[in-house]
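First the structure, in the form of structure tokens, and then the observations on it.
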Amino acid sequence: MNEKEAILNKPFVDLSDAGLPFRMLSDESRSLHTVFDLMQGSPDEQLLDMIQTQMHYRSVGYYIASNYMVTYDGNIFCDKHILSSYTLNVSEFNKSIINHFLSDDALCEIYIEDEAVILCGFGWNQYGHWLIEILTKIFVIEAFLINLNSIKWILPNNTPQFAIDIIKLIGINESNIIKYDHENEIIKVKRLIIPTNLCRATYAAHPIFKQYAKWLRAKLTSNKFYPEIDGRIFLKREKVLNNRIITNENNVLKTVEDYGYRIISPENLSLDGQIKLFSHAISLCGAYGSALHNSLFSPDGIVVTAIRHKTSDVGLSQSSICAAHSQKMSYLFCNRENEGIYVNLDRLKVALDYAEYEIEKFRRGISFN
1191 MNEKEAILNK PFVDLSDAGL PFRMLSDESR SLHTVFDLMQ GSPDEQLLDM IQTQMHYRSV
1251 GYYIASNYMV TYDGNIFCDK HILSSYTLNV SEFNKSIINH FLSDDALCEI YIEDEAVILC
1311 GFGWNQYGHW LIEILTKIFV IEAFLINLNS IKWILPNNTP QFAIDIIKLI GINESNIIKY
1371 DHENEIIKVK RLIIPTNLCR ATYAAHPIFK QYAKWLRAKL TSNKFYPEID GRIFLKREKV
1431 LNNRIITNEN NVLKTVEDYG YRIISPENLS LDGQIKLFSH AISLCGAYGS ALHNSLFSPD
1491 GIVVTAIRHK TSDVGLSQSS ICAAHSQKMS YLFCNRENEG IYVNLDRLKV ALDYAEYEIE
1551 KFRRGISFN
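Residues in the sequence shown are numbered consecutively from 1191, following my numbering.
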């Protein structure tokens, strides 16, 4: 049996049952997500039932693990088991990821004597996962008044540049970043700090996510956040998963342009350019995902319209972002067409009309919140 097979043969053990010391930042609580201000498209009953399963979020804080090891995707294991928890966004599904990406050849083991945090996880190469999950680990550590440069931060060697730029802006020195080849190397850490996420992908967040949202803004920009009357933005994704492709996109773009929306592909902008753009938005519309998560950098009270297919989960992580800034959340659930999303234009116009109603209130000087 090679090293990869040995890892895959280990059972998953829930993080809370692994007997590791835990320092709590905030206790288990009702999850943070806004009441939907507008919902269209008749999501099926199963989707609505899923909302009820996301009403609570476990305690947040960090665990301390001695001589644990880290493999692909930041999965953490020891001689006996692999750690799992929705607060790490790790489940049995991760075994298929490890099996696919981890090398079959002998794995090089690197030992780290310093206290360290693994800054990785499912979706480590995607902007949205960094915003709502991975960066929350840094917030948790700093909330305990721990100097961010008194410990090491472990990242995959092919971590996207945007993530490195954000980490530096937050205040972590490059000299305290340890990169490893997570397809061919195993990291063993004498004292591994394991912060819990504040949000799990597509699920609602812990209420302390509101503090994180303010913290992240303060770390990344000194911009003032205020809506501009012409700040209507439709987010067009150039690099998007097949199940989020809008199959009638040309008709959708024509419709939103008629309502005064600018068509923006945020992946073509720098991080600073994205923050400046979103900090003055008054209405955001687009397919659910990373681009829309930029409402983290948008003013309080604006309208956010998420286009999502019916056969997926509701996507309450976007609702949590909106709740953190008292933004109005509008969901437009759509039918599948091939692998993509077909947008009902009449329903889209209802969503845009609702946004215009709120924008008109703002124009007349009525509170936007």
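Yeah, the Cβ is synthetic: ideal placement off N, Cα and C, and Gly gets one too.
For this session: Scan the segment 1325-1372 and note each continuous alpha helix (DSSP H) run of 4 residues or more that stays entirely inside, going in chain order.
Result: Qualifying alpha helix (DSSP H) stretches, in chain order: 1325-1333, 1351-1360.
For this session: Would you mind sorting Ala1306 into buried or exposed? The rule is 16 or more other CB atoms within 10 Å of its CB.
Result: That one is buried.
Problem set entry | Coarse secondary structure for Ala1208, derived from DSSP in three states | Reduced to three states, the DSSP call for Ala1208 is coil.
Problem set entry | Supposed contact pair Tyr1252 and Thr1386 - C-beta distance, whole angstroms, cut 8 Å | Indeed, because the Cβ distance is near 7 Å, the residues count as touching under 8 Å.
Exercise. Alpha carbon to alpha carbon, how far is Ala1471 from Tyr1532?
Worked result: Distance between Ala1471 and Tyr1532, taken at the CA atoms: about 26 Å.
Exercise. Would you report the Cα separation of Gln1464 and Ala1296, rounded to the nearest angstrom?
Worked result: Distance between the alpha carbons of Gln1464 and Ala1296 is about 42 Å.
Exercise. At a cut of 8 Å, does the segment 1389-1400 reach the segment 1276-1291 through at least three beta carbon pairs?
Worked result: These segments touch.
Exercise. Using a Cβ-Cβ cut-off of 7 Å (strictly less than) and excluding sequence neighbours within five positions of Asn1347, which residues of its own chain qualify?
Worked result: These residues qualify, in order along the chain: Lys1369, Tyr1370, Asp1371.
Problem set entry | First through last residue of the beta strand (DSSP E) which encompasses Leu1228 | Run containing Leu1228: 1228-1230, per the beta strand (DSSP E) assignment.
Exercise. Which of the three DSSP states, helix, strand or coil, is assigned to Arg1537?
Worked result: Helix at Arg1537.
For this session: Throw me the rounded Cβ distance for the Ser1216 and Ile1398 pair, which I believe falls under 8 Å.
Result: Going by Cβ atoms, the distance from Ser1216 to Ile1398 rounds to 5 Å, so yes, they are a contact pair.
Exercise. Between Asn1484, Met1229, Ile1344, Leu1338, which lies nearest to Ile1362 when the distance is taken from Cα to Cα?
Worked result: For Ile1362, the nearest C-alpha among the options comes from Leu1338.
Exercise. Taking just the CA atoms, how far does Leu1410 sit from Cys1475?
Worked result: Cα to Cα, the separation comes out at about 23 Å.
Problem set entry | Residue from Ile1272, Gly1505, Gln1244 with nearest C-alpha to Asp1207 | The shortest CA-to-CA distance from Asp1207 to any of Ile1272, Gly1505, Gln1244 is the one to Ile1272.
For this session: Going by CA-CA distance only, name the one from Phe1468, Ser1455, Gln1244, Gly1264 that's closest to Ile1308.
Result: Measuring from the Cα of Ile1308, the nearest candidate turns out to be Gly1264.
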